[in-house]
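Residue numbers (my numbering): 319 to 840.
From the three backbone atoms N, C-alpha and C, an ideal C-beta is built for every residue, glycine too.
If you're wondering where the values come from, they're calculated on a predicted model, not measured in any experiment.
Single-structure report; data block below.
As structure tokens, this is what we get:
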């Protein structure tokens, strides 16, 4: 029985106007490992061994899990298009734009120029770096001045020796102002679970040069201002991933057992009790942990069991898997998918659990997040590399140097454009774009930008394609008219070119009619 004072205190606490999130209860236990006064983001991975173990666990999911790897593949494919992000220089000078665009294309498509190991193009590097940001949490690269290429390091290479007393957080040293000063990387690709005891086992790289330019690029998605290292996307759903594996394994075991035999024995009233059990197969004796022994008999699929006199046998055929298995497994997969910023239909490549409106709504929301990730990837990955290369090209190309000195020219001005996503409902979506352009709701240039296309390229290619078609049609029309001089009327090049005329747009307002009801009001 509660004391009067305790009951009064609980009553007073109940009527206070505090935020529930700041109080503890059975449903709101005290968070473990953190002080009530608050802690920085780096506090949660203060134990480097646990941080590295988390990286390896995430890599194990990506390497071995039947769902996780495909989910990461879907995310990378949606955020980073096949051709990567397209460079659009914005220096203010057309000649400078052309030079920089050509130089970037030459460098980024040649593995011997952009990759320190001579293996990957820049687009392949970007996809791999993004994958590390999702699975490991982060990665880093060092632009090499001598070769002009990028040298990448995986997350486990950033380490803090046990013997140091400096402010180094999982391989990143900071000053008193919380600014990064050095990155500490292991000299060799050591095991992430082996101890790095001495400072001489690592190599420190300055974070910035004397002019403030980055010497080390650190790629990760930041969730807090105080966060120094990236955290795997699988940190939150780690238990759900294990649970999903368990229920799949349990369903498999049930299915295997159900393929053997399960029999209920019913002894009829008045029947003589069997003296001994019938053997079902080869038997062996095993010893239990408490020292007792038990006999284990083997079974097999299609086994036949003969009952003793007076015994009635009933077969048992359970429903495997049970009806509750599928919605529960789908719920687990949904938790995994949303932590990868994917609709579960995309994760499974199966939209059968939703209708078209549900698919469209989920994809529109997912694409909003994809664009945010694209923007962050450009800012932390592509932009530092491009500005570094421009500084290098300025020291090598005298013409570029002179153009950079012109008034109104920003030689570093640029943007990277991602390839736009395809129409979910092509006819309606394309019609909407046509209406927007025809009614000046947006410019044609901005429409092209939304699709990740360059308006200058589109207009140039469109005019050149039509001009080529017309030229060939004129030549062929002249040949036909010469071959058949009595032909009347003469063949026109327009008959051969057959340039398409844009159709008018029909806008339907209201609900669409089903094909079976087309005879009603349309």
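Q: Within 10 angstroms of the Cβ of residue 707, are there 16 or more other Cβ atoms? Answer buried if so, exposed if not.
A: Here residue 707 refers to the residue found at position 389 when the chain shown is read from its first residue. Of the residues assessed, residue 707 falls on the buried side of the cut-off, its CB having 16 or more other CB atoms within 10 angstroms.
Q. What separation, rounded to the nearest whole angstrom, lies between the Cα atoms of residue 381 and residue 662?
A. Taking the first residue of the chain shown as 1, we reach residue 381 at position 63. Taking the first residue of the chain shown as 1, we reach residue 662 at position 344. When rounded, the separation of the alpha-carbon atoms in residue 381 and residue 662 is 20 Å.
Q) What number of angstroms, rounded off, separates the C-alpha of residue 516 from the C-alpha of residue 566? A) For the purposes of this step, residue 516 is taken as the residue at position 198 of the chain shown. For the purposes of this step, residue 566 is taken as the residue at position 248 of the chain shown. Going by the C-alpha atoms only, they are around 45 Å apart.
Q) Taking the Cβ atom as the reference point for each residue, do residue 410 and residue 728 lie within a distance shorter than 7 Å? A) One-based indexing of the chain shown puts residue 410 at position 92. One-based indexing of the chain shown puts residue 728 at position 410. Yes; because the gap between Cβ atoms is below 7 Å, this pair is in contact.
**Q.** Contacting residues, own chain, Cβ-Cβ under 8 Å from residue 767 (five flanking each side not counted)
**A.** Stepping through the chain shown from its first residue, residue 767 is reached at position 449. Counting only Cβ-Cβ distances below 8 Å, and skipping sequence neighbours, we find 735, 773.
Q) With DSSP run on the structure shown, which of helix, strand or coil describes residue 485? A) Here residue 485 refers to the residue found at position 167 of the chain shown. Reduced to three states, the DSSP call for residue 485 is coil.
Q: Could you pull the start and end residues of the alpha helix (DSSP H) that residue 653 belongs to?
A: In the chain shown, the residue the question calls residue 653 occupies position 335. Note, residue 653: alpha helix (DSSP H), 643-657.
**Q.** Every unbroken beta strand (DSSP E) inside the stretch 325-390 [3 residues or more]
**A.** Taken in chain order, the complete beta strand (DSSP E) segments of 3 or more residues contained in the stretch 325-390 number zero; there are none.
Q. When the Cα atoms are used, what is the spatial distance from residue 753 to residue 745?
A. By 1-based counting over the chain shown, the position of residue 753 is 435. By 1-based counting over the chain shown, the position of residue 745 is 427. Using only the alpha carbons, I get a separation of about 12 Å.
Q: Grab the span of the alpha helix (DSSP H) containing residue 700 for me, first residue to last.
A: As a first step, residue 700 is located in the chain shown; it is residue number 382 there, counting from the start. From DSSP, residue 700 is part of no alpha helix (DSSP H); its letter is neither H nor E.
Q) Going by DSSP, what residues sit across from residue 504 in a beta bridge? A) The residue given as residue 504 occupies position 186 in the chain shown. Answer is 520, bridged to residue 504.
Q.
Could you compute how far the alpha carbon of residue 493 sits from the alpha carbon of residue 485?
A. The residue labelled residue 493 in the question sits at position 175 within the chain shown. The residue labelled residue 485 in the question sits at position 167 within the chain shown. The straight-line gap separating the alpha-carbon atoms of residue 493 and residue 485 is approximately 7 Å.
Q: Answer yes or no: the CB of residue 559 versus the heavy atoms of the ligand HEM, is any distance below 6 Å?
A: For the structure depicted, the ligand HEM is absent and the ligand set is empty, with no information on it obtainable.
(Q) I'd like the span of the beta strand (DSSP E) that includes residue 471, first residue to last. (A) If you number the chain shown from 1, residue 471 lands on position 153. Element bounds for residue 471: 468-472.
Q.
Once the 5 residues before and after residue 680 are set aside, which same chain residues still bring their CB inside 6 Å of it?
A. Your numbering for residue 680 matches position 362 in the chain shown. Correct list, in chain order: 661.
(Q) Between which two residues does the alpha helix (DSSP H) holding residue 440 run? (A) The sequence position of residue 440 within the chain shown is 122, counting from 1. In the DSSP assignment, residue 440 falls within the alpha helix (DSSP H) that extends over 440-453.
**Q.** Residue from 790, 804, 801 whose Cα sits closest to the Cα of residue 812
**A.** Taking the chain shown and counting its residues from 1, one reaches residue 812 at position 494. Taking the Cα of residue 812 as reference, the smallest distance to any Cα among 790, 804, 801 is reached at 790.
Q: Reducing DSSP to helix, strand and coil, say where residue 535 ends up.
A: Start at 1 with the first residue of the chain shown, and residue 535 comes out as number 217. Residue 535 falls in the strand class under three-state DSSP.
**Q.** Reference residue 572; option with closest CA among 537, 639, 605
**A.** As a position in the chain shown, residue 572 is number 254, starting the count at 1. Nearest neighbour of residue 572 by Cα position, chosen from 537, 639, 605, turns out to be 639.
Q. With DSSP run on the structure shown, which of helix, strand or coil describes residue 420?
A. For the purposes of this step, residue 420 is taken as residue 102 along the chain shown, with counting starting at 1. Three-state result, residue 420: helix.
Q | residue 639 (DSSP reduced to helix, strand or coil) | A | In the chain shown, the residue the question calls residue 639 occupies position 321. Correct three-state label for residue 639: coil.
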